[in-house]
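2 protein chains.
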Amino acid sequence: MTDDTRAKLIRAAAALFREHGYNGTGVAEVLNRAGVTKGSLYHHFPGGKADLAVASAHWAGAWLTKQVNESFARTDTMATGIEALCDAIAELFDRTTWTACPINSTLLDGATNEPFQAAAGEIFENWRAVFGKHAMRYGADHHTAQVQADKLLFMLEGAWIVARAQGRSDPLRKIPSLLAG
Amino acid sequence: MTDDTRAKLIRAAAALFREHGYNGTGVAEVLNRAGVTKGSLYHHFPGGKADLAVASAHWAGAWLTKQVNESFARTDTMATGIEALCDAIAELFDRTTWTACPINSTLLDGATNEPFQAAAGEIFENWRAVFGKHAMRYGADHHTAQVQADKLLFMLEGAWIVARAQGRSDPLRKIPSLLAG
DNA sequence: ACAACATTGGACCGATTGGTCTATACTAAG
DNA sequence: CTTAGTATAGACCAATCGGTCCAATGTTGT
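Chains as they are written, first to last, in this note's numbering: chain A, 945 to 1125; chain B, 945 to 1125.
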């Protein structure tokens, strides 16, 4: 059950880092939530808390990428895909503890640590690539697709922050109309 | 020199919270940077670290509002105003330690504390209002101005995050062309 | 059965956390 | 000069921080 313990740690860490930030989350908290003891943590993640943060951010990033692909799979235009995605994230915001972007909370919260920054850049770039891929699938040329991907990525991250400040998902729900106008 | 000590604390706290986040910054660090001792801090800010965070965020928010107004004052269209503003922030990013939005780092970094959230919402709303005011000054009707303000606010916050992840100001510099297209 | 290795539990550590408290120094009003 | 209120310095505190370490347990191959 090696991977089980590892997975439990990643899931617990992802949730806590997302909610309280990297520096706002204690190792003991993660351990308690995961139902795992210290020995196991440092066995699976020799780098300790920092290792766990990078792993959990990658996990969260991949999970969100899947959500993006599912949102775009069920629609037939870029605009409706954006609509579906923003609605999905807004629902996540309203119904779960996804009140902040996990990458922002986990990797960019504190120290401009090199591995953290590199991981964050990689994950954002991946999202941007996925957005661009879908845009081209709907007929956009390369340049237009890049522009649309940048717009969506920036808007999403920005709206997520403002939504957290307001305690409401409205900013996230506004994105489709803002990108249309 | 009452206000001097208070101002020194606010300035030191604003810089440190912005760079390392609220939870990533220790009270001792702030004290050391400000050249002030503990007694003074808790005299001027009875609420301690949290009080200081709210005060420094308001200070940073007001400072940035001034930058916005200056950027828009020197131009004669909304587009050139946006250009000037984004360039100013990008320069700040490249030349100083303003590699993150102070509100994001200071108030939204960790706990979804009520006073923190309220202050952050207030400051963002203020920025949005200032953006809208300038848009209307350039002839936009109320609705269009609101839309432009939302777009700019979300883009700015989002690009700031992605810029931090990349360690480059490029995302911030892209905003004008993204908003034009 | 045995050995080698993977995994876990948890005691323990020094450092740092934010915060309290008191003695002292400064300043202004009488 | 005295008094009252403001401001500062820093010792001190319990709690928590992330991390190390080792004994015990589980697992696997021979």
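A virtual CB, placed ideally from N, CA and C, is assigned to each residue, including glycine.
In this structure, the CA atom of A959 of chain A is about 8 Å from the CA atom of P1046 of chain A. With a minimum length of 4 residues, the unbroken runs of alpha helix (DSSP H) contained wholly in the segment 1034-1098 of chain B fall at 1046-1051 and 1058-1081.
Against F1068 of chain B, the close residues of chain A are V1106 and A1109, in the order they occur along the chain (beta-carbon pairs closer than 7 Å). Taking 7 Å as the Cβ-Cβ cut-off, the segment 1090-1105 of chain B approaches chain A at V1091, D1094, K1095, L1097, F1098, M1099, L1100, E1101, G1102, A1103 and I1105, given in chain order. Membership of N967 of chain A in any alpha helix (DSSP H) is not indicated, and neither H nor E is assigned to it by DSSP. A distance below 8 Å between beta-carbons, with the five flanking residues on each side excluded, links K1118 of chain A to the following residues of its chain, in chain order: A1103. The beta carbons of G1005 of chain A and I1067 of chain A sit closer together than 7 Å. The beta carbon of D1085 of chain A does not come within 7 Å of any beta carbon belonging to chain B, so the residue lies off that interface.
Nearest C-alpha to G970 of chain B among B:V980, B:T1024 and B:A957: B:A957. With 16 or more other CB atoms across the displayed protein chains lying within 10 angstroms of its CB, S1015 of chain B is buried. Against P1115 of chain B, the close residues of chain A are D1094 and F1098, in the order they occur along the chain (beta-carbon pairs closer than 8 Å). With contact defined as three or more Cβ pairs closer than 8 Å, the segment 1027-1036 of chain B and the segment 1073-1091 of chain A are not in contact.
At a cut-off of 7 Å between beta-carbon atoms, N1048 of chain A makes contact with chain B. Check the Cα spacing between G991 of chain B and each of B:F1060, B:A978, B:A1023 and B:T1043: the tightest is with B:F1060. With a cut-off of 8 Å on Cβ pairs, the segment 1095-1110 of chain A is in contact with the segment 1092-1107 of chain B, counting three or more such pairs.
For V998 of chain B, the enclosing alpha helix (DSSP H) has its first and last residue at K993 to A1017. Residue environment for D1053 of chain B: buried (at least 16 other C-beta atoms within 10 angstroms of its C-beta). Scanning its chain for C-beta atoms nearer than 6 Å, with the 5 sequence neighbours on each side dropped, one finds around I954 of chain A the residues A999, S1000 and W1003, in chain order.
For G1005 of chain A, the nearest beta carbon of chain B is not closer than 7 Å to its own beta carbon. Residue-level contact check: D1053 of chain B touches chain A, since one or more beta carbons of chain A fall below 7 Å from its beta carbon.
The residue among A:V1012, A:L1029, A:T1040 and A:T949 with its C-alpha nearest the C-alpha of G1111 of chain A is A:T1040.
Rounded to the nearest whole angstrom, the CA to CA distance from S1049 of chain A to D1020 of chain B is 38 Å. Against chain A, the beta carbon of K1118 of chain B has neighbours under 7 Å at D1094, listed in chain order. Within a 10 Å sphere around the beta-carbon of S1121 of chain B sit fewer than 16 other beta-carbons, which makes this residue exposed. One thing to note: A1064 of chain A has its Cβ within 7 Å of the Cβ of A1109 of chain B. P1115 of chain B and D1094 of chain A have their C-alpha atoms roughly 8 Å apart.
At a beta-carbon threshold of 7 Å, none of the residues of chain B lie near Q1011 of chain A; the nearest stands roughly 18 Å away.
Check the Cα spacing between A951 of chain B and each of B:A1017, B:H964 and B:H988: the tightest is with B:H988. Neighbours of L960 of chain B in chain A, taken as residues whose beta carbon is under 9 Å from its own, are absent, since the nearest beta carbon is some 11 Å off. DSSP places D1031 of chain B within a helical segment (H, G or I) once states are collapsed to three. Residue-level contact by beta carbon holds for H964 of chain A and chain B, with a gap shorter than 7 Å. Contact annotation: in the segment 967-994 of chain A, residues whose CB is within less than 9 Å of a CB in chain B are N967, G968 and T969.
No Cβ-Cβ contact shorter than 7 Å links T1009 of chain A with V980 of chain A. Interface flag for G1125 of chain A against chain B is set, since a Cβ pair is found closer than 7 Å.
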